[in-house]
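Engineer:
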Amino acid sequence: MSKKLRTTARVDPVEVYCRIRPLPNETDESCLKILDKSNLMLQIPECSASYRTGQIKQLVYSFTQIYDEQTSQKQLFEQVSMPLVQDLLNAKNGLMFTYGVTGSGKTYSMIGNQHESGMLQRSLDCLFQSIQGNIARKNIFKPDRMNSFEIQSDCEGRLSNPAAAHSTKLTRQQQAFLNELQLSNKFQCQINRDNYYAVYISCIEIYNNYIYDLLDDVASSSTPTMSGGQDLKESKNLKEDSKGCMYIKDVNELEVKTIEEALDLISKAQKKRVVAYTELNSESSRSHSIFSIRLVQSQCSGKQCPVYVSQLSLVDLAGSERSKRTKNTGSRLREAGSINSSLMALRNCIETLRENSLNGYKKMVPYRDSKLTLLFKNYFEGNGKIKMILCINPNSVEFDETS
Ligand code: ADP
Ligand code: MG
1 MSKKLRTTAR VDPVEVYCRI RPLPNETDES CLKILDKSNL MLQIPECSAS YRTGQIKQLV
61 YSFTQIYDEQ TSQKQLFEQV SMPLVQDLLN AKNGLMFTYG VTGSGKTYSM IGNQHESGML
121 QRSLDCLFQS IQGNIARKNI FKPDRMNSFE IQSDCEGRLS NPAAAHSTKL TRQQQAFLNE
181 LQLSNKFQCQ INRDNYYAVY ISCIEIYNNY IYDLLDDVAS SSTPTMSGGQ DLKESKNLKE
241 DSKGCMYIKD VNELEVKTIE EALDLISKAQ KKRVVAYTEL NSESSRSHSI FSIRLVQSQC
301 SGKQCPVYVS QLSLVDLAGS ERSKRTKNTG SRLREAGSIN SSLMALRNCI ETLRENSLNG
361 YKKMVPYRDS KLTLLFKNYF EGNGKIKMIL CINPNSVEFD ETS
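Following UniProt numbering, the numbering of the sequence shown begins with 1 at its first residue and continues without gaps.
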């Protein structure tokens, strides 16, 4: 048997984008040089350990695309995240990570700040702009609390009435945020106008390889408690359903009908994130935050009608710095070790995926090595697109960690 020659260009199984944040201070020196749209050179500054040991002189790294300091959130969304929203609407899965050392712009890119919303809110806004007019009435779909949904047999009039949609009260700050978002976003994707759609959101956090539900208090509407993660409720278990898809047992997955409802949930979840204070950055997060948007769609309203379910997960990873840099001791040090091992597991999975695609191997992707990777098992088995935004702080003093 003759082997078929591969003539098509190789498609990278994981698209890695690089986003460079502006230098924190005008007097800071950059250790980066952008060579072209996909190649970046790190220049070794004299203050770095690498310079003193004299091992490496120059390093060139390649990416799918490099985004410089001037890149706006809007641009990043349009070019990197929006295609994933279109996939979601086409019933395909997507996964996007922000990766980088603490202070490099991961959270800014994913969630943004009061002035500029991030990829998460922009994705949701674009999704709602797209399905406007085709949003299903609440509870038309019934989740099995694993990964499947079915149509309630007793439903009649399947579309939600936009005028009757219960409007969520936003705080002034949230309203300002939404106004800015909708002014700058204005993106819409293609949808199948014959379908009706429902959107579900879940927000979890993986901390020390334990899974916590950031919507626990929201769902039970008690007062959120938050003090360095100690008061978070019990951790949740990761399970596999009969089709081999992973789900988190008893996770709150809440149906949202409007962008207001979605933003409200996100800001409540955000307040619960475990923020441990380290020497690096007073807001440094030591956990992985995972925001999942699940889209359920169908064309007809009978119980036997096919229902399509797709998911877009956006993951704001913990800082990728080595633990010794934070000079932490005791439990904090154990925490840093655990962060590194799950990030290492993620790197191993991505490397194996790449090797398989490059050499035509069928090596097992080691996704069972951490909860972070096991949760995304299906993606590592080839079901869904993976993108990563590598965030970089160009400051010379960051060189050793950045490299
Ligand atoms: P990380 O989550 O990687 O620890 P942050 O996203 O919190 O880092 O960013 C650190 C600081 O830098 C924040 O104050 C953030 O607003 C700012 N920042 C990061 N990236 C950018 C950017 N591209 N443009 C403007 N400010 C940024
Ligand atoms: Mg952060």
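Just so it is clear, CB atoms sit at the ideal spot from N, CA and C, and this is done for glycine as well. Given the structure is predicted, the values throughout are model-derived calculations rather than measurements.
Regarding Thr27 and the ligand MG, is the C-beta to nearest heavy atom distance less than 8 Å?
Structural biologist: As a position in the sequence shown, residue 27 is number 27, starting the count at 1. Flag unset: Cβ of Thr27 not near the ligand MG.
Engineer: Given a cut-off of 9 Å, decide if Ile111 and Leu120 are closer than it, judged by their beta-carbon atoms.
Structural biologist: For the purposes of this step, residue 120 is taken as residue 120 along the sequence shown, with counting starting at 1. For the purposes of this step, residue 111 is taken as residue 111 along the sequence shown, with counting starting at 1. Contact flag set, yes.
Engineer: In the DSSP output, what is Pro45 paired with across the bridge?
Structural biologist: Within the sequence shown, the letter at position 45 stands for residue 45. Bridge partners of Pro45: none, in fact.
Engineer: Looking only at its own chain, which residues have a Cβ that is under 7 Å from the Cβ of Lys377, when we skip the five neighbours before and after it?
Structural biologist: Translated into positions along the sequence shown, residue 377 becomes position 377. If we look at Lys377 and ignore the five residues flanking it on each side, its Cβ neighbours are Met246, Tyr367.
Engineer: Give me the Cα-Cα distance between Ser227 and Asp216, rounded to the nearest whole angstrom.
Structural biologist: Within the sequence shown, numbered from 1, the residue matching residue 227 stands at position 227. Within the sequence shown, numbered from 1, the residue matching residue 216 stands at position 216. The predicted position of Ser227 is uncertain, since its pLDDT is 40 and thus under 50; a value taken from the coordinates is nonetheless stated next. Looking at the two C-alpha atoms, the distance is approximately 15 Å.
Engineer: Strictly closer than 5 Å from CB to any heavy atom of the ligand ADP: give me those residues in the order they appear in the chain.
Structural biologist: Cβ-based neighbours of the ligand ADP within the cut-off: Arg21, Thr102, Gly103, Ser104, Gly105, Lys106, Thr107, Tyr108.
Engineer: For the pair the segment 385-401 and the segment 355-363, tell me if three or more CB-CB distances fall below 8 Å.
Structural biologist: They do not touch, by the three-pair rule.
Engineer: Closest to Ser298 by C-alpha separation, out of Thr352, Gln43, Glu150, Ile211, would be which residue?
Structural biologist: As a working note, residue 298 is residue 298 in the sequence shown. Considering only alpha carbons, the answer is Glu150.
Engineer: Please name the residue, chosen from Asn209, Asn208, Gln152, Ile204, that lies closest to Val218 on a Cα-to-Cα basis.
Structural biologist: Within the sequence shown, the letter at position 218 stands for residue 218. Closest option to Val218, Cα to Cα, is Ile204.
Engineer: Measure the alpha-carbon distance for Thr225 versus Ser38 and round it to whole angstroms.
Structural biologist: Translated into the one-based positions of the sequence shown, residue 225 becomes position 225. Translated into the one-based positions of the sequence shown, residue 38 becomes position 38. Confidence at Thr225 is low in this model, with a pLDDT of 44, below 50, so the placement of that residue is unreliable and no value is reported for it.
Engineer: If we count the other Cβ atoms within 10 Å of its Cβ and call it buried at 16 or more, is Leu159 buried or exposed?
Structural biologist: On the sequence shown, residue 159 is found 159 positions in, with the first residue counted as 1. Flag for Leu159 reads exposed.
Engineer: Considering only residues of the segment 232-310, which uninterrupted beta strand (DSSP E) runs meet the minimum length of 3 residues and lie entirely inside it, listed in chain order?
Structural biologist: The segment 232-310 contains these whole beta strand (DSSP E) runs: 238-240, 246-248, 254-256, 288-298.
Engineer: For a test of your reading of the model: does the CB of Gly112 fall under 8 Å from any non-hydrogen atom of the ligand MG? Yes or no.
Structural biologist: Taking the sequence shown and counting its residues from 1, one reaches residue 112 at position 112. It does not: the Cβ of Gly112 is nowhere closer than 8 Å to a heavy atom of the ligand MG.
Engineer: Please state the DSSP three-state secondary structure of Val218.
Structural biologist: Position 218 of the sequence shown holds residue 218. It is helical.
Engineer: For Ala345 and Leu124, which I take to be in contact (beta-carbon distance under 8 Å), what is that distance rounded to the nearest angstrom?
Structural biologist: As a first step, residue 345 is located in the sequence shown; it is residue number 345 there, counting from the start. As a first step, residue 124 is located in the sequence shown; it is residue number 124 there, counting from the start. The pair is not a contact, with the Cβ atoms about 28 Å apart (cut-off 8 Å).
Engineer: Which parts of the segment 50-100 are runs of the alpha helix (DSSP H), unbroken and 4 residues or longer, counting only runs that do not cross its ends?
Structural biologist: Entirely contained in the segment 50-100, the alpha helix (DSSP H) runs reaching 4 residues are, in chain order, 73-76, 82-89.
Engineer: Would Leu372 and Ile206 qualify as a contact pair, given that the criterion is a beta-carbon distance under 9 Å?
Structural biologist: Residue mapping note: residue 372 aligns to position 372 of the sequence shown, counting from 1. Residue mapping note: residue 206 aligns to position 206 of the sequence shown, counting from 1. Result yes, Cβ atoms of Leu372 and Ile206 sit closer than 9 Å.
Engineer: Using C-beta distances below 8 Å, list every residue in its chain close to Ser50, excluding the 5 sequence neighbours before and after it, in chain order.
Structural biologist: The count along the sequence shown starts at 1 and reaches residue 50 at position 50. If we look at Ser50 and ignore the five residues flanking it on each side, its Cβ neighbours are Ile44, Ile56, Phe399, Asp400, Ser403.
Engineer: For the beta strand (DSSP E) that contains Ile135, what are its first and last residues?
Structural biologist: Along the sequence shown, read from residue 1 onward, the residue named residue 135 stands at position 135. Careful: Ile135 lies outside any beta strand (DSSP E) and carries neither H nor E.
Engineer: For the candidate residues Gln114, Asp194, Phe97, whose alpha-carbon lies nearest to that of Gly319?
Structural biologist: As a working note, residue 319 is residue 319 in the sequence shown. If we check each option's Cα against that of Gly319, Phe97 comes out closest.
Engineer: Taking the alpha carbon of Cys18 as the point to measure from, which residue in Asn195, Asp36, Lys271 has its own alpha carbon closest?
Structural biologist: Translated into the one-based positions of the sequence shown, residue 18 becomes position 18. The candidate whose alpha carbon is nearest that of Cys18 is Asp36.
Engineer: From this set, Ser341, Gln152, Val251, Leu32, which residue's C-alpha is nearest Asn208's C-alpha?
Structural biologist: Residue mapping note: residue 208 aligns to position 208 of the sequence shown, counting from 1. Checking every option, the nearest Cα to that of Asn208 belongs to Ser341.
Engineer: Would you call the CB atoms of Arg21 and Lys74 closer than 9 Å?
Structural biologist: As a first step, residue 21 must be located in the sequence shown, where it is residue number 21. As a first step, residue 74 must be located in the sequence shown, where it is residue number 74. No. Outside cutoff.
Engineer: Any chance the CB of Gly319 is under 8 Å from a heavy atom of the ligand MG?
Structural biologist: Counted from its first residue, the sequence shown places residue 319 at position 319. True, at least one ligand heavy atom lies under 8 Å from that Cβ.
Engineer: Which of the three DSSP states is assigned to Cys18 in this structure?
Structural biologist: By one-based count along the sequence shown, residue 18 stands at place 18. Residue state, collapsed to three classes: strand.
Engineer: Would you say Thr53 reaches chain D, if we count a Cβ-Cβ gap shorter than 9 Å as a contact?
Structural biologist: Of the protein chains in this structure there is only one, and it is not chain D.
Engineer: Please say whether Ile290 and Leu312 have beta carbons closer to each other than 9 Å?
Structural biologist: For the purposes of this step, residue 312 is taken as the residue at position 312 of the sequence shown. For the purposes of this step, residue 290 is taken as the residue at position 290 of the sequence shown. No, they are not a contact pair.
Engineer: The ligand MG and Asp316: does any heavy atom of the ligand fall closer than 8 Å to the residue's C-beta?
Structural biologist: Working through the sequence shown from its first residue, we reach residue 316 at position 316. Yes - the ligand MG has a heavy atom lying nearer than 8 Å to the Cβ of Asp316.
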